[in-house]
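K.L.:
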Amino acid sequence: MSNAAFVIIAIFTLAAALAAATLRKLMHAALSFAVALVGLAALFFLLGAEFVGLALVFIYIGAVAVLIVFTILLTRRDVGKDRGFNWAGVLIALAVFCGLTWSILKTQSLSIVAPHIRALTVKRIGEALMTGYVWPLQCVGLLLTAALIGALILVMEEKR
Amino acid sequence: MSKSIDQVFVNAKQWLLSWLAGSPDWVIQVASILINVFMLLAVFLTLFALISVLERKILARMQNRYGPNRVGPFGLFQPIADGIKMLIKEDIVPARADKIVHFLAPVLIAAVAILTLAVIPYGRNMTPFTIDGGILFFFAVGSATELAVFMAGWASNNKFSMLGAMRAIAQMFSYELPLIITVLPVVMVVGSLMPDRIVSAQAGYTFGLVPRWFVFTPWGGVAFILFFVSGLVESNRTPFDVPEGESEIVAGHMTEYSGFKYATFFMAEYIGMFAVSGLSATLFLGGWHAPVRVLEIVPSYVWFFLKLSGLLFVYIWIRGTLPRTRIDQMMNFAWKFMLPMAFTCVIAAAVWHYAGRGLRGWLWSLFVIVMVYSALSILLDTRRKFGPRVYRFAE
Chain A
1 MSNAAFVIIA
11 IFTLAAALAA
21 ATLRKLMHAA
31 LSFAVALVGL
41 AALFFLLGAE
51 FVGLALVFIY
61 IGAVAVLIVF
71 TILLTRRDVG
81 KDRGFNWAGV
91 LIALAVFCGL
101 TWSILKTQSL
111 SIVAPHIRAL
121 TVKRIGEALM
131 TGYVWPLQCV
141 GLLLTAALIG
151 ALILVMEEKR
Chain B
161 MSKSIDQVFV
171 NAKQWLLSWL
181 AGSPDWVIQV
191 ASILINVFML
201 LAVFLTLFAL
211 ISVLERKILA
221 RMQNRYGPNR
231 VGPFGLFQPI
241 ADGIKMLIKE
251 DIVPARADKI
261 VHFLAPVLIA
271 AVAILTLAVI
281 PYGRNMTPFT
291 IDGGILFFFA
301 VGSATELAVF
311 MAGWASNNKF
321 SMLGAMRAIA
331 QMFSYELPLI
341 ITVLPVVMVV
351 GSLMPDRIVS
361 AQAGYTFGLV
371 PRWFVFTPWG
381 GVAFILFFVS
391 GLVESNRTPF
401 DVPEGESEIV
411 AGHMTEYSGF
421 KYATFFMAEY
431 IGMFAVSGLS
441 ATLFLGGWHA
451 PVRVLEIVPS
461 YVWFFLKLSG
471 LLFVYIWIRG
481 TLPRTRIDQM
491 MNFAWKFMLP
501 MAFTCVIAAA
511 VWHYAGRGLR
521 GWLWSLFVIV
531 MVYSALSILL
541 DTRRKFGPRV
551 YRFAE
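Protein sequences, first through last, are from chains A and B.
So for the first sequence, our numbering puts the first residue at 1; every next one is plus one.
So for the second sequence, our numbering puts the first residue at 161; every next one is plus one.
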């Protein structure tokens, strides 16, 4: 059951990612990117990490995807234009792919049976965040608040 | 006896699944999911049909008219006539529209609205989809609505559609903050993101009389009102129906939709309204718990749907009473009043918890809320600053 689900979700995600990379219209590419993220979230669900999957949907579909489509809408005049072929992009993609494949093939843990892990409940994540990781959490919070204030200052009207 | 009536739907599902006994595990799982999905759709699409005619009746009553009364007894079959009309209408897609995205937007928005219904506990043991982070699921899935609205507005290739979508997204983003932050005190006090746990934490009665619903604590009462107002905005209802303000931008992101696609948007809006009302009943009004101990013999799902219909009536009532707000006033309200009050609820809930959850905690948290409320009303008082109106346009 879970193997079949994995194959279906993986094909779905890869197809969406491929579409995001190859579609002509930038807006379509952005929307396919959102679909690929839904597939990723489904994979997290399959692994029992529901919180991570939900956070992924929440942040990436609810905020980042909307941000991307708005950026495209507000900055591009030539949304429909052909973008041409980007050789540098291909080179970087190939390099990343080779690097990942190399490091995956070099690991020895592929043959080891995964140890039994406790279910990743929201409660456990919350406890970890509030005890061991409280300083990183506070720092991230501070950074985000600073970013929010910065964004406000950027769009604030100048007093005439 | 009352227990078996209470569990009649659960038992019926078990009985249906017992036919499949002996088949592999995944068959039973899929069958169980399908039964849940089917029941959800059946119940809520019927409720949608019913509420669409009841809303027109109630609005008509408030405006001293008759309302629909031609199809069937008391006009009750009106939704069937409307449905047939919507189905056989011509589906017009603008020539310069993005055909695929234009088609996918109503599909996505309806799917998202129906998905959010899945995590609400409708009665004892009657949550269609039990998940550890149910509340988070609700908001995570619900946040895809914004993308769907954008798709509708962008794909229509129409200035009204785009403006409507921008307005809708702006207001949804602004009010999503108070909506989620007012849930936080409940989650903090209960210590769980599971809707079932939140409902069971509200069981019992203080002095054997007043139910322990969160709406009866100061922080819960304020959070409930804030949540309800944000819910009004999220489901684009009057007085916050700026995205589809007919007098300004035709119908907002739905301008270029006709026939059944328009009906799908309409349905998604109502189902979103049911979901938000259901969640506020779960979070603050004790879910499926009875208000008085004597009435506990009445099945739990009856109580849930009574609370839901009460909230839906208030939605309709507000629609019949209040005019539309202006978008800048609405935004000011969200960021300058709703958000600070939502944070105050979080602090007041903490005060309530640490002062012992009793009368002392009750009074202290009331004190915190009253202080912040009066400070905000003094700060936001604009009565002294009346002057010539300044018009601003998008540059």
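Using N, Cα and C, we set each Cβ at its ideal position, and we do this for glycine too.
Let me see if you follow: with CB-CB separation under 8 Å, is A:Glu127 close to chain B or not?
P.N.:
No, its Cβ sits nowhere closer than 8 Å to a Cβ of chain B.
K.L.:
My output table needs one value for B:Pro500: the three-state DSSP class, helix, strand or coil.
P.N.:
Correct three-state label for B:Pro500: helix.
K.L.:
For B:Phe503, which residues of its own chain have a beta-carbon under 7 Å away from its beta-carbon, when the five flanking residues on both sides are left out?
P.N.:
Same-chain partners within the cutoff: Ile341.
K.L.:
For B:Pro355, tell me which candidate among B:Ser303, B:Ser440, B:Val301 and B:Leu536 has the shortest Cα-Cα distance.
P.N.:
The candidate whose alpha carbon is nearest that of B:Pro355 is B:Ser440.
K.L.:
Contact criterion: CB-CB distance below 8 Å. Does B:Met222 meet it with respect to chain A?
P.N.:
Answer no: the Cβ-Cβ gap between B:Met222 and chain A never drops below 8 Å.
K.L.:
Span of the alpha helix (DSSP H) holding B:Asp356?
P.N.:
Segment Pro355 to Ala361, the alpha helix (DSSP H) holding B:Asp356.
K.L.:
B:Ile291 versus chain A: which residues are under 8 Å apart at the beta carbon?
P.N.:
Ordered by position in chain A, the residues that pass the 8 Å Cβ test against B:Ile291 are Glu50.
K.L.:
Assuming A:Thr131 is part of the alpha helix (DSSP H), what are its boundary residues?
P.N.:
Counting along the chain, A:Thr131 falls outside any alpha helix (DSSP H), and DSSP gives it neither H nor E.
K.L.:
Which first and last residues belong to the alpha helix (DSSP H) in which A:Lys106 is found?
P.N.:
Unbroken alpha helix (DSSP H) run through A:Lys106: Trp87 to Lys106.
K.L.:
Given a cut-off of 8 Å, decide if B:Ala265 and B:Ala315 are closer than it, judged by their beta-carbon atoms.
P.N.:
Yes.
K.L.:
Given that B:Val261 touches chain A, what residues does it touch there, using C-beta distances under 8 Å?
P.N.:
Near B:Val261 (Cβ distances below 8 Å), the residues of chain A are Met27, His28 and Leu31.
K.L.:
When we look at the beta-carbon of B:Pro338 and count the other beta-carbons within 10 Å, is it buried (16 or more) or exposed?
P.N.:
It is buried - the Cβ of B:Pro338 has at least 16 other Cβ atoms within 10 Å.
K.L.:
What number of angstroms, rounded off, separates the C-alpha of A:Ala147 from the C-alpha of B:Ile188?
P.N.:
Distance between the alpha carbons of A:Ala147 and B:Ile188: 49 Å.
K.L.:
Output, in chain order, the set of chain B residues within a Cβ distance shorter than 8 Å of A:Phe162.
P.N.:
Limits of chain A in this structure are 1 at one end and 160 at the other, which puts residue 162 of chain A out of reach.
K.L.:
Compute the Euclidean distance between the alpha carbons of A:Phe44 and A:Val38, then round it to the nearest angstrom.
P.N.:
Near 10 Å, if we compare the C-alpha coordinates of A:Val38 and A:Phe44.
K.L.:
What distance in whole Å lies between the Cβ atoms of A:Leu120 and A:Gly62, which are believed to be in contact at a cut-off of 8 Å?
P.N.:
Contact flag wrong, Cβ pair sits at about 22 Å.
K.L.:
For a contact meaning CB atoms closer than 9 Å, what does A:Ala34 contact in chain B?
P.N.:
Correct list: Ala304 and Leu307.
K.L.:
Is it buried or exposed for A:Tyr60, if we count other Cβ within 10 angstroms and need 16 for buried?
P.N.:
A:Tyr60 is buried by the Cβ-count criterion.
K.L.:
Is the distance from the Cβ of B:Ser525 to the Cβ of B:Thr377 below 8 Å?
P.N.:
Contact flag set, yes.
K.L.:
Starting from B:Ile329, find everything on chain A with Cβ-Cβ shorter than 9 Å and list it in chain order.
P.N.:
The answer, in chain order, is Val66 and Phe70.
K.L.:
Evaluate the contact criterion for the segment 194-214 of chain B versus the segment 425-438 of chain B: three or more CB pairs, one atom per stretch, below 8 Å.
P.N.:
Result yes; three or more Cβ-Cβ pairs closer than 8 Å.
K.L.:
Considering just the uninterrupted stretch of the alpha helix (DSSP H) at B:Phe299, what are its terminal residues?
P.N.:
It spans Gly294 to Gly302 - the alpha helix (DSSP H) in which B:Phe299 sits, taken as one unbroken run.
K.L.:
Show which residues of chain A have a CB atom less than 7 Å away from the CB atom of B:Phe310.
P.N.:
Per Cβ cutoff of 7 Å: Val66 and Val69.
K.L.:
Is A:Ile61 close to chain B? Criterion is C-beta to C-beta, closer than 8 Å.
P.N.:
So, interface residue.
K.L.:
Helix, strand or coil for A:Thr171? Go by DSSP, reduced to three states.
P.N.:
With chain A represented from 1 up to 160, any question about residue 171 of chain A goes unanswered, as that position is not in the structure.
K.L.:
Are the C-beta of B:Trp495 and some C-beta of chain A separated by less than 8 Å?
P.N.:
Taking Cβ atoms only, chain A never reaches closer than 8 Å to B:Trp495, which makes this a no.
K.L.:
If we define contact as Cβ-Cβ less than 8 Å, is B:Leu353 a contact residue for chain A?
P.N.:
Judged by the 8 Å Cβ criterion, B:Leu353 is in contact with chain A.
K.L.:
So B:Leu369 packs on B:Gly293, CB below 8 Å; how close in whole Å?
P.N.:
Actually they do not touch by this definition, with Cβ atoms about 34 Å apart.
K.L.:
In terms of residue numbering, what span does the alpha helix (DSSP H) encompassing B:Ala241 cover?
P.N.:
It spans Gln238 to Ile248 - the alpha helix (DSSP H) in which B:Ala241 sits, taken as one unbroken run.
K.L.:
Report yes if the CB atom of B:Pro399 is closer than 8 Å to the CB atom of B:Leu471, and no otherwise.
P.N.:
Result no, Cβ atoms of B:Pro399 and B:Leu471 do not sit closer than 8 Å.
K.L.:
Kindly indicate the opening and closing residues of the alpha helix (DSSP H) around B:His262.
P.N.:
It spans Lys259 to Thr276 - the alpha helix (DSSP H) in which B:His262 sits, taken as one unbroken run.
K.L.:
Less than 8 Å between C-beta atoms, sequence neighbours within five positions excluded: which residues of the same chain meet that for B:Glu336?
P.N.:
Within the same chain, B:Glu336 has close Cβ partners Phe299, Ser303, Ser390 and Glu394.
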